[in-house]
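Below: one structure, written as structure tokens.
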Amino acid sequence: MKRQMRLKWIAAALALGMILGLAGCDADEEEEIVLRVANWEEYIDEGDWDEEDGFEFSDGTILCPELSMVEDFEAWYYETYGQKVRVEYSTFGTNEELYNQITIGDVYDLVCPSEYMIMKMLREGMLMPYSEAFHDKENELNYYVNGVSPFIAEVYDGLEIDGQKLNRYAAGYMWGTLGIVYNPEEVSEEQASSWSILLDDSLKRRITIKDSVRDALFAAVSIQYYDEITSPEFLSREDYSDALFQCLNRTDKDTVDGAEEILSAIKQNVYSFETDSGKADMVTGKVVANQQWSGDAVYTMDQADEDDVELCYAVPEECTNLWFDGWVLLSKGISEDPRKQQAAEAFVNFVSMPENAVRNMTYIGYTSVISGGESDKVLEFVEDTYGADPEEEDEEDLVEYDVTYFFGEDKDAVILTTEDQTRRQLYAQYPSQDVVDRSAVMACFDKEGNERINRMWTNVRCFDLKNWFQGLTR
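For the sequence shown, this note's numbering assigns the number 7 to the initial residue and increments by one for each residue that follows.
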């Protein structure tokens, strides 16, 4: 009897130990924050740098990371906040792909869509605002608000949707323009200076356009309203920026019908609609001009340089799209979990450290929204990458390139560079003031406008109904 009682006590003790052990495991698991992040493909530094790729700042800091940005963030977060965080990092190819993933049930905490998709998600109640603590400039760990370019901050301040200010819900990551990469031996600078290059029959089957409804539409509407937006009367308007924005974001029937005609004609002229192959096609010479985002333009020119092929980048004279990708918090993922929100905001601040902004720019070729605040590391990187030594270069080939608008009046941001950089990588990464002045952000369209544009795009890409009917009557 005593033996049986003893066995019962042992069994009970073992069971209790297992319960406590399991509870301990649960406690450990609760200590680890799981942060689900979705970003564009190949859009963050993955580490494993070679020594020759490293960069040494003037303060002696050497940038040559072995680990990825995500792995370094996990280590930094534990060291800074004393909590373990594990980032489940995934990627998407287009804004629409990300949106579809979310709407079918994929759950993320922090994602990085483009401006018009941010507005759409905000309108549909998907986003939660950043905390007041995130915007506290007195906190030295708030690298984003202390380091974001004054130009980018002003752009964000001016954007809203349904009365909601965008800067409460989004923190910038990368930004740039939309333009034309071209081979100057095959295409003149004058040809590349207008969106009508997409209709240039002298380049038939030798030019590509983005397989993106928004980017293609932007070019088509620019062509459609060329006379209006380049007229002296329009250019001299006091509300020029607002008027350009309104014009390029029209979704009325006449505009969309006109854009469909233009895009159908473009389809007959271009080599292809593409999302990624245009970069390689430019390097190999398969095509001689390509509608391209500025960051991919930098990548394309860099790759071509390795093959001793010089490519250039042009921003059409009529206008360009000022685009940006930004980090937003998804309310469904964060779900009022203060630890998860802190980790998400910390991730944004970590990638906004000046040295990390440089890491990402070096890896992906795009331009960070971070100018660095009191730190000169970003400007130092730009000067080292694109600046010229007057003792080693012919003085006649050197020009002053002013990017003060981006870095701020308190920085000496006039870069002495070679003349060719005014139409190559530096120009693509940091457009001149006149380019910024003739730029417009893409808006979030209403339901009716979206439906009209989606029908138009289906007609152009899938059916090309107008040309099909014309073929029947021949």
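Every residue gets a Cβ at the ideal spot worked out from N, C-alpha and C, and that includes glycine.
Bear in mind that the values here come from a model prediction, so they are computed numbers and not experimental data.
- Rounded to whole angstroms, the Cβ separation of proline 396 and leucine 432 is 17 Å, and the two are not in contact under 8 Å.
- When the Cα atoms are used, tyrosine 411 and glutamine 252 turn out to be separated by approximately 24 Å.
- Of Asp217, Asn366, Asp443, Asp314, the smallest CA-CA separation from cysteine 468 is found for Asp217.
- Rounded to the nearest whole angstrom, the CA to CA distance from asparagine 173 to leucine 165 is 8 Å.
- Selection Thr236, Asn275, Ser381, Ile186 evaluated against tyrosine 149 yields Ser381 as nearest (Cα-Cα).
- In terms of CA proximity to alanine 226, Glu266 leads the group Asp54, Pro437, Glu266, Tyr188.
- With a 10 Å radius around the Cβ and a threshold of 16 neighbouring Cβ atoms, proline 238 comes out exposed.
- Taking 9 Å as the cut-off, the Cβ atoms of tryptophan 201 and aspartate 331 do not count as close.
- The beta carbon of valine 289 lies closer than 6 Å to those of Gln309, Ala310 in the same chain, with the five residues before and after it left out.
- Counting the other CB atoms within 10 Å of its CB gives valine 321 a total of 16 or more, which places it among the buried residues.
- Only residues of its own chain outside the window of five on either side were considered, and among them Asp51, Glu52, Gly53 have a CB closer than 7 Å to the CB of serine 74, listed in chain order.
- Here DSSP, grouped into helix, strand and coil, assigns glycine 455 to helix.
- For cysteine 318, the uninterrupted beta strand (DSSP E) run begins and ends at 318 to 320, by DSSP.
- Between serine 120 and methionine 367, the C-beta gap is not smaller than 9 Å, which leaves the two residues out of contact.
- Nearest neighbour of lysine 273 by Cα position, chosen from Ser96, Ile203, Tyr49, turns out to be Ile203.
- Pairing glycine 371 with glutamate 361, the inter-Cα distance amounts to about 15 Å.
- Secondary structure note for methionine 180: its beta strand (DSSP E) is the uninterrupted segment 176 to 182.
- Note on the segment 38 to 114: whole beta strand (DSSP E) runs with a minimum of 3 residues are 39 to 46, 91 to 98, in chain order.
- If you check the CB distance, leucine 116 and phenylalanine 353 come in under 9 Å.
- For the segment 183 to 240, the continuous beta strand (DSSP E) assignments of 3+ residues that do not extend past its boundaries occur at 184 to 188, 213 to 216, in sequence order.
- With respect to the 9 Å criterion, leucine 147 and valine 93 are not classified as neighbours on the basis of their beta carbons.
- Comparing C-alpha distances from serine 155 to each of Glu401, Thr428, Met307, Ser374 shows the shortest one belongs to Ser374.
- Under the DSSP definition of a beta bridge, glutamate 280 partners with Lys216.
- Taking proline 135 as reference, the option from Gly301, Thr214, Leu328, Lys171 with the minimal CA-CA separation is Lys171.
- For leucine 335, the uninterrupted beta strand (DSSP E) run begins and ends at 329 to 336, by DSSP.
- Residue nearest to asparagine 275 within the set Arg212, Cys325, Gly284 is Arg212 (criterion: CA-CA distance).
- Between valine 384 and serine 377, the alpha-carbon positions lie close to 6 Å from each other.
- The beta carbon of isoleucine 167 sits closer than 7 Å to those of Met125, Leu128, Arg129, Cys450, all from its chain and outside the five residues before and after it, given in chain order.
- By alpha-carbon distance to glutamate 57, the top candidate from Glu72, Asn45, Asn145 is Glu72.
- With respect to the C-alpha of threonine 183, the residue from Asp314, His141, Tyr319 having the closest C-alpha is Tyr319.
- Glutamate 380 carries a coil assignment under DSSP once its states are collapsed to helix, strand and coil.
- Closest by C-alpha distance to methionine 123, out of Asp400, Arg220, Thr464, is Arg220.
- Excluding its 5 nearest sequence neighbours in each direction, glutamate 234 has C-beta neighbours in its own chain below 8 Å: Phe240, Cys253, listed in chain order.
- Residue state for alanine 419 is assigned as coil, using DSSP reduced to three classes.
- Going by C-alpha positions, valine 466 is about 48 Å away from glutamate 402.
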